[in-house]
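This report refers to the structure that appears directly beneath it.
Protein chains: 2
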Amino acid sequence: MIPLKQDLEEAYYRVRPYVHRTPVLTSSFLNTEIGAEVYLKCENFQKMGAFKMRGATNAILQLSNDQRRAGVVTHSSGNFGQAVALAARNLGVKAYIVMPSNAPTVKKDAVRGYGGIITETEPTLAAREAASEKIKNEIGASFLHPSNDINVILGNATATMELLEVQPELDLIFAPVGGGGLVAGTALAAHYFGMNCRTYGGEPFEADDAYRSLQSGFIERNSTTNTIADGLRTNLGTINFPIIKSFVQEIIRVEEGEIIAAMRWVWERMKLVVEPSSAVALAALNREKERFKNQKVGLLISGGNVDFSNLPF
Amino acid sequence: MIPLKQDLEEAYYRVRPYVHRTPVLTSSFLNTEIGAEVYLKCENFQKMGAFKMRGATNAILQLSNDQRRAGVVTHSSGNFGQAVALAARNLGVKAYIVMPSNAPTVKKDAVRGYGGIITETEPTLAAREAASEKIKNEIGASFLHPSNDINVILGNATATMELLEVQPELDLIFAPVGGGGLVAGTALAAHYFGMNCRTYGGEPFEADDAYRSLQSGFIERNSTTNTIADGLRTNLGTINFPIIKSFVQEIIRVEEGEIIAAMRWVWERMKLVVEPSSAVALAALNREKERFKNQKVGLLISGGNVDFSNLPF
Chain L
1 MIPLKQDLEE AYYRVRPYVH RTPVLTSSFL NTEIGAEVYL KCENFQKMGA
51 FKMRGATNAI LQLSNDQRRA GVVTHSSGNF GQAVALAARN LGVKAYIVMP
101 SNAPTVKKDA VRGYGGIITE TEPTLAAREA ASEKIKNEIG ASFLHPSNDI
151 NVILGNATAT MELLEVQPEL DLIFAPVGGG GLVAGTALAA HYFGMNCRTY
201 GGEPFEADDA YRSLQSGFIE RNSTTNTIAD GLRTNLGTIN FPIIKSFVQE
251 IIRVEEGEII AAMRWVWERM KLVVEPSSAV ALAALNREKE RFKNQKVGLL
301 ISGGNVDFSN LPF
Chain Z
1001 MIPLKQDLEE AYYRVRPYVH RTPVLTSSFL NTEIGAEVYL KCENFQKMGA
1051 FKMRGATNAI LQLSNDQRRA GVVTHSSGNF GQAVALAARN LGVKAYIVMP
1101 SNAPTVKKDA VRGYGGIITE TEPTLAAREA ASEKIKNEIG ASFLHPSNDI
1151 NVILGNATAT MELLEVQPEL DLIFAPVGGG GLVAGTALAA HYFGMNCRTY
1201 GGEPFEADDA YRSLQSGFIE RNSTTNTIAD GLRTNLGTIN FPIIKSFVQE
1251 IIRVEEGEII AAMRWVWERM KLVVEPSSAV ALAALNREKE RFKNQKVGLL
1301 ISGGNVDFSN LPF
């Protein structure tokens, strides 16, 4: 079930009043370093600091009035929890966010700051899923998955649609790959709105389920998730994988050292605070830059939410 | 000797081919925090990472062909050395940069990367001045002062001219105050191109020569310069002080803790890497925000060159 062009267009107009149209930045430094024309779509400037705001908003807007009255629930220790909390508040919907008890205080504070109602659980996936299920069953809240939900994917696609409005002739776009929701949306938008625009994914070697899934043709599980790119530790799902298989050209894996170096490079040289997941996409482009010489390259800067008490430099 | 409106206009067209037209960013977070509409002129995205590129470029462009052939010289361990090196290279001019021997390697590398010819001296002002004087006399290079030079001031003014093109109705503009070259240029541009736009300076208590100079009416010296805002440790000069006296409304002083908190706030919430000097202007606005409620406020983000091996958080 591949969405149609019209589905993307509808999502675009649906979320537009609720999200920032983020800037597209360039850097002569970066262009020289990569040997290509690189256009950064800066979703680190998005509301709550990440592209996740788009998918969460679109998903909630697709609920019926009855569903909205009952609220939404998700489990997340990262950006999606914040995105659901803020998107829900903007739409007058209650948001129940299940978080592991050991999540950093700063993340709990952010969710609470956006009006999310937090349920703390043991820090295991089973406990988080059970708690979400309970809220879903007892309160009737709609469960929102951070990446394996077609409305989330369509919302995510709107970032690339905006990028292509500014730079219609991109040859390719790089996006980081975690659960697959961003790269799937990116690839759909590039397919429908680009002019022969290919989509590449960047993924840590330490969480390379998507790379291996594209190789085998089946959804593979992460064997390790020991990466600094905390947003990319999750697995592909049954809804985004068919889209990725159809529309993503290739996934390029990167080492942890490359991620940290790319992150520092963007902070130091481009003066942009980007999170490690965003640096993964740049590191992948940089690793294979010889292949992309003189091309027009889009780069999805997925977010800028970083734990300042634990910087890698 | 106050420059005319036409002098600013000429500087604007003179430097335009050589500098970035930097973006003006806003943040709903920041507007809520301050209670005003704040517009950040992001000179951290300027070439070499700071507004200094504008003044250096304008000053070199005002030299005669003979002067350009002989090169330019300055002494600086900070942004102005890099700016002169890069601006000179862009114009095919040799740049001699006198730096203290104990300047961080990263800063020497940056100057060298832009093609500057470095002379190292003992880390005293006297030694730096003597070395510059020697290069001036022996090679015939023109000395460029980082802040007390009318062409540098006019070049700096172009940042505010661009800001006022985007936001013509600003009620006031905040700029950091070090040697006085930025705030003088800002105040001139606000005077000639604003609609009743006032200029405020932000200055550390630890280097408050400008505050005290405005009080006394005479150029006062810094008694301490023990501030994290390394760009603001220098003193006002005879060329910028009359401009500041005529056109700067007030200088607001801030504590070191306020500077660090403002810097971290911009990094964490706005995802922008700004240097401590830029944070001084925001800290000053924040300290007195009750007085600026619901006004339209411009904020000069002077630069983003930060020593990553020595972050205050």
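As given, the protein sequences belong to chains L and Z, one line each in that order. Sequential numbering of the first sequence, starting at 1, is according to the working numbering. Sequential numbering of the second sequence, starting at 1001, is according to the working numbering. Beta carbons: idealized from backbone N, C-alpha and C, even for Gly.
Where residue i meets chain Z, residues with beta-carbon distance less than 7 Å
i	result
N44(L)	K1271
Own chain residues within Cβ distance below 6 Å of residue i, not counting five before or after
i	result
E1258(Z)	A1283
R68(L)	V93
H1075(Z)	V1098, R1128 and S1132
E203(L)	V177, A210, Y211, I251 and R253
F1292(Z)	A1036
E52(L)	Just to set this straight, residue 52(L) is Lys in the shown sequence, not Glu. Closer than 6 Å at the Cβ level, and outside the excluded window around K52(L), lie N79, F80 and A83.
R269(L)	F29
L233(L)	The sequence as given places Arg at residue 233(L); Leu does not occur at that position. Counting only Cβ-Cβ distances below 6 Å, and skipping sequence neighbours, we find A207 and T225.
A1106(Z)	Reading off the sequence shown, one finds Val at residue 1106(Z), where the question assumed Ala. Correct list: empty, nothing qualifies.
Y18(L)	T57 and N90
M263(L)	P276 and A279
Cβ-based neighbour list, residue i, same chain, cut-off 8 Å, excluding 5 preceding and 5 following
i	result
I260(L)	I228, P276, A279, P312 and F313
K136(L)	V73, S142 and F143
K1041(Z)	T1022, V1024, A1159, T1160, E1162, L1163, G1298, L1299, L1300 and I1301
R1221(Z)	D1209 and N1235
I1060(Z)	R1068, V1072, V1084, A1087, A1088, L1091, V1093 and L1144
F45(L)	H20, T22, P23 and G304
E169(L)	M195 and K296
T1026(Z)	E1037, V1038, Y1039 and L1040
Pair within 8 Å by beta-carbon distance, residue i and residue j
i	j	result
A1126(Z)	A1083(Z)	no
T238(L)	I219(L)	yes
I1252(Z)	V1183(Z)	no
G78(L)	A95(L)	no
G231(L)	V273(L)	no
T338(L)	P100(L)	Residue coverage of chain L in this structure runs from 1 to 313, which leaves residue 338(L) outside it and unanswerable.
D1307(Z)	P1104(Z)	yes
V1015(Z)	R1054(Z)	yes
A1207(Z)	T1186(Z)	no
A190(L)	A11(L)	no
E165(L)	F205(L)	no
Any chain B beta carbon closer than 8 Å to residue i
i	result
W1265(Z)	No chain B is present in this structure, whose protein chains are L and Z.
Supposed close pair residue i, residue j - CB separation, criterion 8 Å
i	j	result
L285(L)	V266(L)	No, L285(L) and V266(L) are not in contact; Cβ-Cβ is about 12 Å, not under 8 Å.
S213(L)	F241(L)	6 Å
N316(L)	G217(L)	Residue 316(L) lies beyond the range of chain L shown here (1 to 313); nothing can be said about it.
Q1167(Z)	Y1039(Z)	5 Å
L63(L)	L188(L)	22 Å between Cβ atoms; not a contact.
G113(L)	K1271(Z)	Rounded, the Cβ-Cβ distance is 17 Å, inconsistent with contact.
A70(L)	I173(L)	Not a contact, Cβ separation roughly 37 Å.
A1175(Z)	A1281(Z)	6 Å
Chain-order list of residues whose beta-carbon lies under 7 Å from that of residue i (same chain, five-residue window excluded)
i	result
G1180(Z)	S1147, A1210, L1236, G1237, N1240, F1241 and I1244
E1288(Z)	I1252
I150(L)	P3 and I239
K108(L)	M99 and I118
K5(L)	Y192
Neighbour list for residue i in chain Z, Cβ cutoff strictly below 8 Å
i	result
E258(L)	Chain Z residues near E258(L): none, gap ~17 Å exceeds 8 Å.
F308(L)	R1264, W1267, E1268 and F1313
Proximal residues of chain L, C-beta to C-beta of residue i below 8 Å
i	result
G1217(Z)	Under the 8 Å cutoff, chain L gives no residues; its nearest Cβ is about 38 Å from G1217(Z).
G1116(Z)	Going along chain L, no residue has its Cβ under 8 Å from G1116(Z), so there is no contact; the nearest lies around 17 Å.
G1304(Z)	K271
Beta-carbon neighbours of residue i, restricted to chain L and to distances below 9 Å
i	result
P1017(Z)	Going along chain L, no residue has its Cβ under 9 Å from P1017(Z), so there is no contact; the nearest lies around 14 Å.
P1276(Z)	Chain L residues near P1276(Z): none, gap ~14 Å exceeds 9 Å.
Within chain L, the residues that residue i reaches when beta carbons sit closer than 7 Å
i	result
G1049(Z)	K271
P1023(Z)	P23
Residue i beta carbon near the ligand GDP (any heavy atom closer than 7 Å)
i	result
F241(L)	Annotation note on the ligand GDP: not contained in the displayed structure, which lists no ligands.
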